[in-house]
Amino acid sequence: MIDHALTFAFLAVSLALVFNLWRLAQGPTLTDRILAVDTMVINVISLIILFGIQEGTTMYFEAALLFAMFGFVSTVAYCRFILRGDVIE
Amino acid sequence: MSFIMELVIALLIVMGGAFSFVGSLGLIRLPDLMTRLHAPTKATTLGVGGALVASMLYFLATDGKLSIHEILISVFLFLTAPVTAHFIAKAHLHQNPDVERHLSPTGRDCGWSTYDRRSHHATEPGSQPDGSEQ
Numbered sequence: 049m050i051d052h053a054l055t056f057a058f059l060a061v062s063l064a065l066v067f068n069l070w071r072l073a074q075g076p077t078l079t080d081r082i083l084a085v086d087t088m089v090i091n092v093i094s095l096i097i098l099f100g101i102q103e104g105t106t107m108y109f110e111a112a113l114l115f116a117m118f119g120f121v122s123t124v125a126y127c128r129f130i131l132r133g134d135v136i137e
Numbered sequence: 007m008s009f010i011m012e013l014v015i016a017l018l019i020v021m022g023g024a025f026s027f028v029g030s031l032g033l034i035r036l037p038d039l040m041t042r043l044h045a046p047t048k049a050t051t052l053g054v055g056g057a058l059v060a061s062m063l064y065f066l067a068t069d070g071k072l073s074i075h076e077i078l079i080s081v082f083l084f085l086t087a088p089v090t091a092h093f094i095a096k097a098h099l100h101q102n103p104d105v106e107r108h109l110s111p112t113g114r115d116c117g118w119s120t121y122d123r124r125s126h127h128a129t130e131p132g133s134q135p136d137g138s139e140q
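Residue numbers (our numbering), protein chains in the order written: chain A, 49 to 137; chain B, 7 to 140.
Here you go:
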């Protein structure tokens, strides 16, 4: 049963990543693109965790944690760059 | 692994995938950035949260010990999601100054404080605006 649930979840998250990619390419404004990248990072974290369940190892949690931290830092840095014209003043 | 445990894990995985999908569907379907900001928060809290709880239960059922990594990831995501949403909204407000007309009134003399610096520059560069000394 878990295998079928994992197949469904992989399909849903992959489709969600395609939607995010569409918004990233299409996005009328710059902030739309930042939001798309932020959502992509969240979906990739979800994908990594599901892959960890499928493989049966806890080795991928560090990768998910690194993705979460880098996603947060990059989003804040990009928004700050738009707001102030500089990342670290 | 018992049947009930397997059912709960499968339901959580399906819920996580479905909410991730709905969040990204909202990202492409909603008309405006301020409305689009709402959609991925569901993907953050319920989508990743469902997958994390499912993986926690799965490794509790297979290995027999509770792992803390998932709680770490979910706490980190719950802490950082409002900060990123605030930063994106603020960047949007400063990129499109005409959004200010659509913002709800503050009910006071002063406007939205995020626009204060810009309106101060817009009036006169050398002089203080009225009432700033008090």
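Ideal placement from N, C-alpha and C gives every residue a C-beta, glycine not left out.
Please decide whether residue i counts as near chain B, where near means a Cβ-Cβ distance under 8 Å.
| i | result |
| --- | --- |
| A/L80 | Correcting the residue type first, residue 80 of chain A is Asp in the shown sequence and not Leu. It does; some Cβ of chain B falls within 8 Å. |
| A/D86 | yes |
| A/I136 | no |
| A/A112 | yes |
| A/F67 | yes |
| A/M49 | yes |
| A/G133 | no |
| A/F120 | yes |
| A/F99 | no |
| A/V92 | no |
| A/A73 | no |
Residue range of the alpha helix (DSSP H) that residue i falls in?
| i | result |
| --- | --- |
| B/P88 | H75 to Q101 |
| B/R107 | Run containing B/R107: none; DSSP gives neither H nor E here. |
| B/M11 | F9 to R35 |
| A/V61 | I50 to Q74 |
| A/T79 | L78 to E103 |
| B/V59 | G55 to T68 |
| A/E110 | F109 to R132 |
| B/A45 | A45 to K48 |
| B/L52 | No alpha helix (DSSP H) holds B/L52; DSSP gives it neither H nor E. |
Hey, would you say residue i sits closer than 8 Å to residue j, going by beta carbons?
| i | j | result |
| --- | --- | --- |
| A/V89 | A/F58 | no |
| A/L54 | A/L95 | no |
| A/L78 | A/I130 | yes |
| B/H75 | A/T106 | yes |
| B/A87 | B/T50 | yes |
| B/L39 | A/F67 | no |
| A/R128 | A/V135 | yes |
Please list, in chain order, all residues of the same chain as residue i whose beta carbon is under 8 Å from its beta carbon, the five residues on each side excluded.
| i | result |
| --- | --- |
| B/V54 | G22, S26, I79, S80 and L83 |
| B/G29 | A45, P46, T47, K48, A49, T50 and G53 |
| B/L66 | L72 and S73 |
Considering only residues of the same chain and omitting the five flanking positions on each side of residue i, which have a CB-CB separation below 7 Å?
| i | result |
| --- | --- |
| A/G75 | R81 and A84 |
| A/D86 | G119 and T123 |
| B/I15 | A60, L63 and Y64 |
| B/L43 | A91, I94 and A95 |
| B/A57 | I19 and G22 |
| A/I93 | A112, F115 and A116 |
| A/Y126 | I82 |
Between residue i and chain A, is any beta-carbon pair separated by less than 8 Å?
| i | result |
| --- | --- |
| B/G22 | yes |
| B/A67 | no |
| B/G70 | no |
| B/V54 | yes |
| B/I15 | yes |
| B/I19 | yes |
| B/S8 | no |
Here's a check: name, in chain order, each residue in its chain whose Cβ is nearer than 6 Å to the Cβ of residue i, leaving out the five neighbours to either side.
| i | result |
| --- | --- |
| B/G117 | none |
Which of the residues in the stretch 94 to 126 of chain B, read from start to end, lie with their CB under 7 Å from any CB of chain A? I94, K96, A97, H98, H100 and Q101
Quick one: which residues of the stretch 75 to 90 of chain B get their C-beta closer than 8 Å to a C-beta of chain A? List them in chain order. H75, E76, L78, I79, F82, L83, T86, V89 and T90
What residues in the stretch 30 to 49 of chain B have a beta carbon less than 7 Å from any beta carbon of chain A? S30, L31, L33, I34, L39, R42, L43, P46 and A49
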